[in-house]
Amino acid sequence: MVLDSETKPSKYERFRIETEPAPHVFQIPNRFDVSARKVRLAAMLVHEAFEFKLNKEVVLSRPCIYGVFGGHFGGFKPLKHKCVGCMRCVQEYPHIMTVKQSDEYKRLGDSFWTPEAVFTILNEASTGKIPVKGMGYKGAFGGEGFDGIWTDMSEIVRPTRDGVYGREYISTCVDIGRKPTSVDFGRIDQSPSTVEVPVPIIFDDLPAFDFDVWNAVGKAARKVGTFFVTHDQTRGEDYRERMIPIVDDNSLDETLEKRPSIVEYDSERSDLFEKLSDSLPSSIVIARVPLREDTADRACKLAREGVHGLHLYADYHGQDYSGDPRHISESVKEVHQLLVKEGLRDQVTIIASGGITLAEHVPKAIICGADLVGIDTTVLVALQAEFLGETRDRNSYKLRPRKIDPAWGAQRLVNLFGVWHDQLIEILSAMGMRDVRRLRGDIGRSMMDAELREQSFKGIAWAT
Ligand code: SF4
2 MVLDSETKPS KYERFRIETE PAPHVFQIPN RFDVSARKVR LAAMLVHEAF EFKLNKEVVL
62 SRPCIYGVFG GHFGGFKPLK HKCVGCMRCV QEYPHIMTVK QSDEYKRLGD SFWTPEAVFT
122 ILNEASTGKI PVKGMGYKGA FGGEGFDGIW TDMSEIVRPT RDGVYGREYI STCVDIGRKP
182 TSVDFGRIDQ SPSTVEVPVP IIFDDLPAFD FDVWNAVGKA ARKVGTFFVT HDQTRGEDYR
242 ERMIPIVDDN SLDETLEKRP SIVEYDSERS DLFEKLSDSL PSSIVIARVP LREDTADRAC
302 KLAREGVHGL HLYADYHGQD YSGDPRHISE SVKEVHQLLV KEGLRDQVTI IASGGITLAE
362 HVPKAIICGA DLVGIDTTVL VALQAEFLGE TRDRNSYKLR PRKIDPAWGA QRLVNLFGVW
422 HDQLIEILSA MGMRDVRRLR GDIGRSMMDA ELREQSFKGI AWAT
């Protein structure tokens, strides 16, 4: 709620991300391969031609309401790109029609990025609309990683919290920075103030950062009001106010001169933290920490040393760097819970990156203890980058960006943020929450597939 002045009445300002279509520039594969047995189709058409009194439009378009058979040659040359896989044609004419996933579609992505995930991101970025799957969900209800976490939506009937179009405002703002733990009236506080972002998502350092992609990310960050993390500060002054530089020895002097509001550094370099916090007293200093077995202890140590935030990262498949890799959700939860136990959690902001590839991963990562998330390969997928192989390792990715128009790229990324923001609000409303900050670490409002299986089946021998 914003109070304009003493004379004006207060009014609500609802945060919105304006989306608009940004169609694919590079052709994407058809999702479904539609084919008909031609002799049987011809026989059926002759029969229907009489039944529908030679009405060509009706005869050639039935039974697909999506217009797959509406081309010049009807079912003999179906317009496959229009097929949504509703299977109506197969149900009505099983002896004629076959619909299956196309081979090109099945080749999308890598072992982590499923074709469906790639398609979802491409379409969210293109349309700015929440994907609607009207056929009912036919897949599994549990799985690995984020698929093994369910959110408690028992508050879904609350009338005032009805999602994107609800009357009650649901805040998705989060703060980055260290919060004061006490008030000292005797001295002026020198610590940097926190920075608010309207959505709990930032752009993480990208594996392939060509200039047009850099421009698109900067434009989108400015429009949405979020930040982007980058190793490279040499691409000009544009969008500097939205940039979170990762500082190393080469870029230290430039960073000190430019005085960004937020900086990141490699957590192994404690000397860099001292230099940054001494020279930039009004900047928020965040340690980048790879998730490993010992990260929880390390996070407590860094919090005690005075860092303002921890950027915890896994690889691009969401697996941490432990000897026996775990999913980022487990590693972040461990760090969060130890910080809570040690009374340090409110002193640092946690950003989680790696494997955040779908809208529902954002609230799930926050439930596990993150304040906000960073997205990486998802950005390049939205910009129609090409998978050339496994893209797991942060140093040897196989995701090649294409030549893009920065304005088009920025709109696709704004669309992605808009759609993810809407889906976050839907989840918060269904959970009866008015503020995403309340979701942080609220494990009690989630169910873990692995834990439920353990509780349900512990001690029961499996038949072999
Ligand atoms: S599956 Fe549905 S959308 Fe696809 S061709 Fe058949 S009727 Fe049309």
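In terms of our numbering, the sequence shown opens at residue 2 and continues consecutively.
Where is the CB? At the ideal position from N, CA and C, for every residue including glycine.
Supposed contact pair residue j and residue i - C-beta distance, whole angstroms, cut 8 Å
i	j	result
L281	V264	7 Å
T22	G129	The sequence given here places Pro at residue 22; Thr does not occur at that position. 7 Å between Cβ atoms; contact.
R346	T152	About 21 Å separates the two Cβ atoms, so there is no contact after all.
A315	G375	Not confirmed; about 11 Å, so no contact.
Y317	T378	5 Å
A383	A118	Wrong, their Cβ atoms sit about 12 Å apart, outside the cutoff.
S430	I131	That belief does not hold up - the Cβ atoms of S430 and I131 are roughly 13 Å apart, past 8 Å.
L303	K276	Actually they are not in contact, since the Cβ atoms of L303 and K276 sit about 16 Å apart, beyond 8 Å.
I245	P261	7 Å
Outcome for residue i when other beta-carbon atoms lying within 10 angstroms are tallied against a minimum of 16
i	result
E7	Because the pLDDT at E7 is just 46, under 50, the model does not fix this residue reliably, and the value given afterwards should be weighed accordingly. Classification for E7: exposed.
V47	exposed
D393	Note that residue 393 is Arg in the sequence shown, not Asp. Result: buried.
A408	exposed
H312	buried
N56	exposed
H82	exposed
K334	buried
A217	buried
I18	buried
Q28	exposed
F53	exposed
N251	exposed
F147	buried
Q385	buried
K101	exposed
S332	buried
A366	buried
P402	buried
H73	exposed
L453	exposed
K348	What sits at residue 348 in the sequence shown is Gln, not Lys. Under this definition Q348 is a buried residue.
A353	buried
Residue i Cβ short of 8 Å to the ligand SF4 heavy atom set
i	result
G72	no
R89	yes
F147	no
P30	no
I66	yes
C84	yes
V133	no
P79	yes
F33	yes
M98	yes
V69	yes
Of the residues the options, the one placed nearest residue i, counting alpha carbons only
i	options	result
M45	I150, G68, I18 and G76	G76
E258	Q234, W421 and D206	Q234
D325	A297, A383 and R293	R293
R38	F53, L277 and C90	C90
P181	S194, V119 and A411	S194
V380	R401, I405, D249 and L414	L414
V26	G72, S36, N124 and E269	N124
V214	L425, G68, R454 and F229	F229
A222	G460, Q412 and P402	Q412
R243	F204, P208, D321 and E455	F204
E269	T296, I285, Y240 and R403	T296
E519	Q338, T115, S262 and I426	Missing from the structure shown is residue 519; the chain here goes from 2 to 465 and no further.
N396	D206, R41, I131 and F51	D206
K399	F458, P208 and D272	P208
A43	H96, C84 and I66	H96
M88	K78, I66 and Y106	I66
L359	V196, H422, P24 and E105	H422
H328	M154, P291 and F16	P291
Beta-carbon proximity of residue i to residue j, cut-off 9 Å
i	j	result
D111	G390	yes
S330	C301	no
I444	P364	no
D267	R289	yes
E169	R435	yes
D372	P201	yes
G71	L80	yes
P199	T173	yes
G226	T350	no
F418	W114	no
G410	I357	no
F33	Y106	yes
M432	G149	no
Chain D within 9 Å of residue i, Cβ atoms only
i	result
V91	No chain D appears in the structure shown, which is made up of a single protein chain.
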